[in-house]
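To start, the structure itself, in structure tokens.
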Amino acid sequence: MVAPDISYGEYISVSVGAAVTMIEVITVVEKLLGRQNGQLLPANLRDMREELGECVARAAANAGVSTKAVSAESVLAFSRSPAAAAKALGIKAASVRWACRNGKLGTRVGDRWLITDDEIEHYRRTHLRSGD
Numbered sequence: 000m001v002a003p004d005i006s007y008g009e010y011i012s013v014s015v016g017a018a019v020t021m022i023e024v025i026t027v028v029e030k031l032l033g034r035q036n037g038q039l040l041p042a043n044l045r046d047m048r049e050e051l052g053e054c055v056a057r058a059a060a061n062a063g064v065s066t067k068a069v070s071a072e073s074v075l076a077f078s079r080s081p082a083a084a085a086k087a088l089g090i091k092a093a094s095v096r097w098a099c100r101n102g103k104l105g106t107r108v109g110d111r112w113l114i115t116d117d118e119i120e121h122y123r124r125t126h127l128r129s130g131d
């Protein structure tokens, strides 16, 4: 018998696959909001995505596999590493990591930061001077 993707009782439980799908959906919503009028993803959805990402990372660690093996390829395709974001912004990777730690960029998934292209563009428009 296959375990259900979602079960409930006192708490709601979701499978790793369902968690990855929810991360994908939240990331798509973030991209659509950014394209629509530059809106940022609401904090509660960012928190949910971060917590689900941490759960997926823990599940991967407990299973003895890498997070990449558990995470859907499309989730990672939406995001860049701090080094790649720094290159896109023309700033140092340390500056990007600082912005991540201070809530200006990215989402922490497990032990790494993932930064969407929309977040990079928003950061460029709001935090970097023209010509920089």
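Residues in the sequence shown are numbered consecutively from 0, following numbering that gives the first Met the number 0. The beta-carbon is built from N, C-alpha and C at its ideal position, and this holds for glycine as well.
Local Cβ density within 10 Å of residue i, reported as buried at 16 or more and exposed below that
| i | result |
| --- | --- |
| Gly105 | buried |
| Ile114 | buried |
| Thr125 | exposed |
| Asp110 | exposed |
| Asp117 | buried |
Inter-residue spacing [alpha-carbon to alpha-carbon] between residue i and residue j
| i | j | result |
| --- | --- | --- |
| Leu44 | Lys103 | 16 Å |
| Ile22 | Gly16 | 10 Å |
| Arg100 | Val13 | 28 Å |
| Lys86 | Val108 | 21 Å |
| Val55 | Ala42 | 20 Å |
| Arg48 | Arg79 | 16 Å |
| Leu51 | Lys30 | 18 Å |
| Trp97 | Ala58 | 28 Å |
One or two residues paired with residue i in a DSSP bridge
| i | result |
| --- | --- |
| Arg113 | Note on residue identity: the sequence assigns Leu, not Arg, to residue 113. DSSP lists Thr106 as partners of Leu113. |
| Ser78 | Thr115 |
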